[in-house]
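Residue numbers (my numbering), protein chains in the order written: chain A, 1 to 357; chain B, 1 to 357; chain C, 1 to 304; chain D, 1 to 387; chain E, 1 to 300. What follows is one structure encoded as structure tokens, with my remarks underneath.
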Amino acid sequence: MTSVLVKDLTLKFGALTVLDNLNIDIPEGEFLVLLGASGCGKSTLLNCIAGLLDVTDGEIHINDRNVTWEEPSGRGIGMVFQSYALYPQMTVQGNLSFGLKNARMPKTEIQERVARAAKVLQIEPLLHRKPAALSGGQRQRVAIGRALVRDVDVFLFDEPLSNLDAKLRADLRVEIKRLHHSLKNTMIYVTHDQVEAMTLADRIAIMKGGIIQQLDTPTEIYNRPTNKYVAGFIGSPEINFFEGAVEGGGFVTGGERFALDGYSFQGAVSGGPAWLGIRPEHIVSGEAAASLPVTAEVTVDLVEPMGSDTLAWATFAGMPLRIRMDGQAAVGTGDRIKIGFDPARASLFDKTTEERL
Amino acid sequence: MTSVLVKDLTLKFGALTVLDNLNIDIPEGEFLVLLGASGCGKSTLLNCIAGLLDVTDGEIHINDRNVTWEEPSGRGIGMVFQSYALYPQMTVQGNLSFGLKNARMPKTEIQERVARAAKVLQIEPLLHRKPAALSGGQRQRVAIGRALVRDVDVFLFDEPLSNLDAKLRADLRVEIKRLHHSLKNTMIYVTHDQVEAMTLADRIAIMKGGIIQQLDTPTEIYNRPTNKYVAGFIGSPEINFFEGAVEGGGFVTGGERFALDGYSFQGAVSGGPAWLGIRPEHIVSGEAAASLPVTAEVTVDLVEPMGSDTLAWATFAGMPLRIRMDGQAAVGTGDRIKIGFDPARASLFDKTTEERL
Amino acid sequence: MWNSEARNVADAVTPRGPKPRPRFSRTNIMLYGTLIVVAAYYALPLYVMIVTSLKGMPEIRIGNIFAPPVEVTFQPWVKAWAEACTGINCDGLSRGFWNSVQILVPSVILSIAIASVNGYALANWRFRGSEVFFTILIVGAFIPYQVMLYPLVIILREMGLYGSIWGLVLVHTIFGMPILTLLFRNYFTSVPEELFKAARVDGAGFWGIYFRIMLPMSLPIFVVAIILQVTGIWNDFLFGVIYTKPADYPMTVQLNNIVNSVQGVKEYNVNMAATLLTGLVPLIIYFASGKLFVRGIAAGAVKG
Amino acid sequence: GELEVTHWWTSGGEAAAVSEFAKAFDATGNTWVDGAIAGSGGTARPIIISRILGGDPMGATQLNHGRQAEELIQAGLMTDLTELAEAEGWTDLVNPSSLLESCTYEGRIYCVPVNIHSWQWIWLSHDAFAQIDTAVPSDWNEFAAAAPKLEAAGIVPLAMGQQGWQQNGAFGVMTIAIAGLDAWSKVVIDKDADTARGPEYAAVFEAAVDARNFAANSNVQDWNLATNMVITGKAGGQIMGDWAQGEFQMAGQVAGEDYTCLPGLGVNEILDTGGDAFYFPVIDDEETKAAQMALASTLISPEVQVAFNLKKGSLPVRGDVDLTAANDCMQKGLDILNAGGIMPSGDMNLTADTQTQIEDLMAEFWTSDMSAADAQERYADIIASAD
Amino acid sequence: MSSSSNVRRPAGLFRNLSAKIASIPMVLTALVVFVGGTAWTVLYSFTSSKLLPKLNFVGLDQYERLWSTRRWLISIENLAVYGFFSMIFTLLIGFTLAALLDRKIRGEDVFRTIFLYPFALSFVVTGLAWQWILNPDLGVQSVVRSMGWESFTFNPLNDPDIVIYGILIAGLWQGTGLIMCIMLAGLRGIDQEIWKAARVDGIGTVKTYVRIVIPMMRPVFITALVLIASGIIKIYDLVVAQTNGGPGISSEVPAKYVINYMFRAQNLGQGFAASTMMLLSVVIILIPWAYLEFGGKKRG
Ligand SMILES: Nc1ncnc2c1ncn2[C@@H]1O[C@H](COP(=O)(O)OP(=O)(O)OP(=O)(O)O)[C@@H](O)[C@H]1O
Ligand SMILES: Nc1ncnc2c1ncn2[C@@H]1O[C@H](COP(=O)(O)OP(=O)(O)OP(=O)(O)O)[C@@H](O)[C@H]1O
Ligand SMILES: [Mg+2]
Ligand SMILES: [Mg+2]
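Okay, here's the thing in structure tokens:
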């Protein structure tokens with residue numbers, strides 16, 4: 001069953017078109033992540049769904065009800081904000097019950113719901129504190145609780161973790177994932193952190209300039225990015241790109257040429273200028289490299305040890321090449337190493353359209 | 001040759017002791033990173049070295065000269081700030097040359113130096129723009145340029161990249177590393193980002209509460225953290241800790257017991273309560289696990305795919321366990337998997353002192 | 001200068017610990033010297049007023065205005081407060097004081113209530129044209145009052161409020177509106193927008209959000225607004241003269257009348273006592289809320 | 001009923017006088033609510049007028065009669081007193097009759113004159129002249145001759161409050177004394193600019209330059225402070241209207257003993273017949289109306305006229321009252337009045353606008369070193385454009 | 001909670017209705033008082049209204065008369081002198097004091113309190129206090145004379161040539177504290193790292209202020225300037241209390257002229273013409289400011 005349906009949504013701020021004829025269909029219980037660089041319109045889309053912005057054109061349906069002109073509180077959504085947006089002068093209890101009081105719910109039911117939410121989020125001991133007396137993680141939990149008590153069908157999250165430090169972010173990420181597992185609500189989650197997107201999402205929508213570039217599962221997006229932008233956006237360290245051309249089933253770049261055996265083209269194999277993208281972690285170095293379809297020998301320019309891994313920078317076919325190695329790898333600047341990769345794991349993009357070949 | 005020497009440095013703000021009897025000796029040409037959580041005193045230490053704060057006690061030597069009472073401009077240092085601190089009403093050229101003009105350097109030499117710095121940093125086309133018309137990365141480069149033109153021996157960086165977005169940060173990180181390779185100046189770099197620290201540093205000083213916890217190479221810090229704090233601070237995903245006890249050359253926890261063969265104790269092997277830390281990436285899963293000294297079978301609670309890797313959460317000996325696996329690993333929630341690790345790669349810490357055993 | 005001094009010291013001992021700084025360096029002497037002289041200039045008038053108000057007339061005539069009183073007398077204060085005459089009304093400033101209070105309280109409440117709601121609407125509920133009205137309002141703050149004095153007489157007359165205290169309250173509300181609205185708008189704009197969005201998702205409406213969310217959060221700005229308005233309205237002279245009748249004259253106008261309606265010789269001590277009495281309310285407010293006052297002025301002005 | 005009465009009589013003598021009105025009015029069973037406005041008429045008038053225009057009129061108010069109230073009357077904002085006046089026969093009582101004429105607009109009477117004020121006086125301090133061992137002068141010329149001596153003794157020869165209306169008043173007095181009544185009426189009544197440019201006026205401006213020099217060290221603003229200088233012997237004399245007498249009286253000084261007054265500067269004994277009048281703004285309330293009529297009647301009643309004018313130092317508006325209690329100066333004034341040495345007041349003939357312009361000119365003239373010729377030229381220009 | 005499945009788009013006027021209702025006072029003030037009142041006054045400045053406003057147009061007569069009236073010219077001249085010096089000294093003193101206070105001195109609070117307290121006092125109080133201090137017979141002049149310097153003359157309030165400076169002294173005393181506060185806030189708002197960078201570059205304190213900090217504080221200076229300027233044009237109470245325009249008319253100011261003609265001389269048209277001129281001068285000040293504030297931002 002469709003839980004949230006966005007139909008031909010357009011939103012303009014004056015002359016600036018932020019969202020352009022956008023369509024998404026989110027089935028019930030899905031965890032959808034909106035991912036994109038800053039300013040691409042993620043928050044705007046979320047605010048449109050929540051009813052906090054008036055759409056310029058198009059419709060929004062939630063649970064098969066056209067809510068385009070409905071007030072935010074009448075849409076059956078709950079929203080969690082980046083800055084937590086807790087009411088500073090109210091206790092945690094007050095924060096949780098504010099929305100329910102506004103809806104004139106009976107006192108006993110309010111108490112019941114608050115108690116339930118507090119239990120789920122393990123914030124019972126905090127109920128009588130004010131937000132100022134809470135840590136970042138606790139605040140975030142209260143913010144989630146505020147959506148929880150309202151018993152809504154759809155949760156909207158706008159970068160809920162980006163104000164937290166790395167460690168806490170990792171922990172709360174896991175908690176949100178657990179929450180989704182147990183509640184099974186529809187969740188729409190905005191972030192610009194790809195790790196969050198990859199780990200949390202059932203499906204990811206990658207946005208750029210108000211347009212969805214690719215809407216698919218994390219694995220699919222990681223392995224088969226639909227265009228060059230997506231390929232470059234997803235993955236850290238960044239994917240390596242080589243400019244060249246597809247010629248008779250092989251790829252030619254900077255004097256080198258290698259076969260593309262095993263690469264599954266989208267349509268018919270066509271020649272022409274193209275980009276080849278290969279992820280740093282898909283490049284194998286050392287002895288194991290020899291057994292792969294494409295091999296080469298390169299000189300290491302720079303080594304960045306990161307503890308668990310090591311990132312080596314080399315030059316291949318005149319272009320910089322990142323190679324991810326094991327943290328214990330003993331390479332140094334100036335070493336010559338053997339590398340290899342499997343074209344099946346690479347991605348090819350048309351030079352002009354930048355679409356996947 | 002010693003480039004920067006900090007001797008018995010103490011700094012108090014009123015009653016608050018921020019730095020407590022601190023000693024560091026930095027050889028010429030070293031890239032030293034000061035790493036620590038917010039508020040641990042990193043910036044304070046840097047400001048003391050720069051002469052921007054009056055020390056409460058102790059001495060600071062730069063190039064074997066006692067500069068404790070010297071003005072910042074007379075210490076032979078250049079400093080790059082988090083907020084760039086560019087003079088907003090001057091052009092890039094003006095920013096670079098202002099300090100030199102002030103030192104009454106001849107015009108031709110000023111021009112020469114500015115041109116050289118601009119070339120090194122590739123900001124020649126920007127020389128006549130004002131800072132407001134530059135992007136974050138360009139501003140950062142100008143800020144570095146301002147230190148560069150002064151031809152100093154020691155560069156001080158105070159979180160120079162933390163105002164930039166992730167992608168740009170990664171790029172500039174590499175540039176700073178390249179700069180160090182070509183200039184070979186002494187550099188002291190403050191950050192709270194461990195990836196920056198690991199990739200840039202010759203040596204890392206990990207600070208907590210104004211005290212240096214460990215001062216060593218990145219590899220050493222990663223592999224042999226000197227205490228539990230350092231072990232937990234460095235590494236992402238976070239290290240797994242198990243509470244237990246060392247008993248007769250083995251480690252006992254939550255009913256499990258395994259041998260510590262291959263672990264090199266700091267001193268004599270002693271029994272007693274202890275923490276065992278093992279990094280998620282040092283836990284091997286699947287068939288390869290069988291060949292390792294310690295093995296077990298665990299159930300996966302949650303899987304976080306991250307593209308290049310996958311992080312699985314399991315429970316071991318009653319405590320949560322993070323396991324880093326390959327990005328292509330096909331595990332799902334509820335799967336039972338075999339794991340194993342080599343105690344030689346683990347770390348043991350005393351329960352009370354939290355020092356490495 | 002610094003370096004050479006430092007070098008000299010450095011020759012003698014190894015630098016260690018804080019750099020020795022002479023307590024009375026030339027810079028410090030200049031710095032504190034200037035500050036103290038200027039402070040004396042600023043403090044002098046208050047001192048002179050106080051001293052004069054405690055002297056008797058003969059002492060004033062022969063003495064030096066800076067000299068402390070030989071014989072302290074509170075008679076001038078008593079006279080200024082309760083006996084000084086304007087015409088045949090000899091009840092001193094006390095009447096003006098109560099008039100001022102009667103004008104002040106409703107003016108402050110009304111102007112702040114209206115301006116805060118305006119600022120809130122402008123910050124969070126922008127509608128078509130709201131910015132235009134706001135711009136007019138702000139530009140209006142710079143229009144000389146003189147341009148609007150007469151039209152306001154007509155407006156008040158048409159409303160039947162001319163000459164009554166309520167007329168003056170309205171005038172204060174109108175002329176206080178630009179700066180207060182700006183103050184509140186800036187403040188409410190700085191309240192995270194997400195808070196407002198969260199409240200809307202929680203089903204609170206315009207007034208619900210104002211009373212339940214915004215008001216409790218804006219105590220500091222209210223304090224600032226109250227300080228600004230209390231001092232501003234208390235110190236008003238022009239509107240008090242034009243829009244009220246003598247029976248309702250605020251204290252400043254009364255002060256000017258008492259001081260200028262001389263009978264025989266000028267009683268400087270009474271005048272100074274009267275002057276001090278009039279300045280007392282804003283001074284007390286200012287001394288009591290010193291830091292807030294400063295913060296408020298800075299917040300209201302630097303942002304504007 | 002209660003009646004709020006506004007006026008600008010706030011100096012010592014004035015306040016004492018006005019209480020006589022209040023007392024008498026209260027005795028009629030009504031209540032006088034005092035609305036004194038400090039400062040000169042210049043400060044008070046705008047307040048009074050704007051209140052009337054603003055729809056919040058007071059029950060009664062002092063205004064100089066003359067053209068000031070013309071527009072208010074035209075706008076129907078002033079109560080018509082004709083009935084009361086006819087009933088009480090004011091036309092026969094008021095002397096000189098010009099006083100009532102200036103209250104009359106298109107045949108109806110709108111105000112009650114309460115006193116006759118004349119500007120044509122100089123007040124001389126016996127104490128000051130005693131200090132320089134000179135006899136108290138008997139006219140302006142003697143005074144001018146004694147001035148240098150006074151100056152040398154550290155006494156300000158002529159006290160002069162530095163406000164336009166005082167300076168203008170003094171100038172007017174000198175005009176009558178030096179240029180004579182004919183020239184004056186040509187200029188002020190007929191607005192004849194040529195006369196204003198003529199030799200008679202030139203002499204006046206020359207004398208004014210002298211007076212300006214005499215007053216150079218007079219560091220006061222208010223007229224009563226200037227009077228006080230005369231009272232205390234710090235100044236030789238002051239040209240000021242007869243209301244100054246109230247100040248001498250308050251200070252317990254006796255005319256002829258402590259001070260001397262010379263009408264018409266001792267040169268040309270004519271008094272103008274300006275004065276104060278009370279107007280009654282229209283108020284739609286029967287009780288108030290009754291109170292207004294009661295007040296109007298009280299103000300002009302013989303006993304009140306005597307009591308008030310004795311305190312105020314001015315002359316009563318009715319010729320049928322007994323003023324044996326009056327002092328030396330007042331007697332002099334009465335004598336001149338009875339001898340018909342009267343002239344109309346400038347107030348009645350010039351609009352407030354023109355008055356203001358002349359006052360501004362005088363203020364500037366007295367506080368700068370403007371030459372007599374320049375001042376005369378500019379004066380004539382104002383007269384030329386007056387309506 | 002509304003359950004209708006197809007909610008209509010609410011009509012434009014009623015969207016945000018509460019906000020619109022709540023803004024009525026502001027809208028009325030802006031339109032009726034500020035726009036309407038100003039337009040009314042400008043309109044009637046072209047009439048020959050005397051005591052009562054009447055629409056008998058006389059073209060520019062009132063303005064011609066205005067500009068040939070000595071008193072107006074003196075007022076303008078006074079305003080120019082007062083404005084010029086007040087602007088310069090207020091900025092100079094305000095900034096200097098702020099810079100001194102910003103030097104991490106002891107007792108900052110005490111000094112700041114002393115510099116600022118006059119701002120809490122009304123102009124009437126200020127004027128009277130200074131009238132007393134400048135009183136030639138009993139104030140500063142006589143004190144200095146009694147100390148032996150017999151020929152010392154400092155009597156601005158009774159000397160038509162310098163009376164405006166006497167008012168200036170009082171005005172500065174009252175107003176500089178506020179500007180100091182604003183400047184101090186501006187200084188405090190400057191990124192501390194800029195100071196550090198300047199120190200590392202070896203730039204002296206004074207030079208750092210002049211070359212770096214002051215240019216960075218441009219918006220603060222503009223705010224201060226606008227505040228001072230709008231205060232100068234409105235100056236009225238201070239003059240009334242301190243000299244009441246005297247001696248003679250030598251310390252008259254435009255605001256007083258307006259009120260004088262509107263209410264006392266009973267020539268409304270003249271008063272309106274004068275106030276329109278005041279409005280014009282404000283517009284002349286405001287337009288460059290608005291251009292700097294808003295025009296500049298768009299380009300930057
Ligand atoms: N109220 C507004 N008026 C005008 N433009 C706006 C407004 N809000 C947002 N924008 C513009 O719309 C675009 C999209 O903004 P949005 O906040 O949706 O980005 P985002 O993807 O959420 O970015 P971030 O990751 O920084 O939060 C941006 O270019 C922004 O400048
Ligand atoms: N001027 C000061 N006065 C008093 N305490 C200060 C001052 N500056 C810093 N501190 C305190 O000193 C401690 C160390 O501050 P410091 O700025 O060195 O931290 P840091 O490690 O640089 O942190 P961050 O990563 O947040 O920049 C903090 O607890 C801070 O509160
Ligand atoms: Mg966003
Ligand atoms: Mg820091």
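Think of the CB as a built atom: it goes at the ideal place given N, C-alpha and C, for glycine as much as any other residue.
Does any residue of chain B bring its CB to less than 8 Å from the CB of residue i?
i	result
tyrosine 222(A)	yes
proline 218(A)	yes
Spell out the partners DSSP gives residue i in its beta bridges.
i	result
glycine 340(A)	Val284(A), Thr295(A)
tyrosine 189(A)	Val33(A), Phe157(A)
alanine 60(D)	Val5(D)
glycine 250(A)	Glu247(A), Ala259(A)
tyrosine 82(E)	Bridge partners of tyrosine 82(E): none, in fact.
arginine 303(E)	Outside the displayed span of chain E (1 to 300) sits residue 303(E), for which this structure offers no information.
Confirm the yes/no value for this check: CB of residue i, any heavy atom of ligand 2, distance under 7 Å.
i	result
serine 43(B)	yes
valine 33(B)	no
Residue i CB to nearest chain A CB: under 8 Å?
i	result
glycine 137(B)	no
arginine 146(B)	no
glutamate 5(C)	Here the model assigns glutamate 5(C) a pLDDT of 48, short of 50, so the residue's position is not dependable, and the following value carries that caveat. So, not an interface residue.
glutamate 194(C)	yes
arginine 200(C)	yes
isoleucine 234(B)	yes
8 Å is my cut-off, CB to CB: does residue i come that close to chain C?
i	result
leucine 100(E)	yes
Does the beta carbon of residue i fall short of 7 Å from some heavy atom of ligand 1?
i	result
glycine 39(A)	yes
Given the structure, does residue i come close to ligand 3, in the sense that its CB is under 7 Å from one of the ligand's heavy atoms?
i	result
glutamate 159(A)	yes
valine 201(C)	no
Tell me whether residue i counts as near ligand 5, meaning its Cβ is closer than 7 Å to at least one heavy atom of that ligand.
i	result
valine 190(A)	Within the structure as shown, ligand 5 is missing, the only ligands being ligand 1, ligand 2, ligand 3 and ligand 4.
Original post:
For the segment 38-57 of chain B, which residues have a beta carbon sitting closer than 7 Å to at least one beta carbon of chain C?
Top reply: Asp54, Val55, Thr56, Asp57
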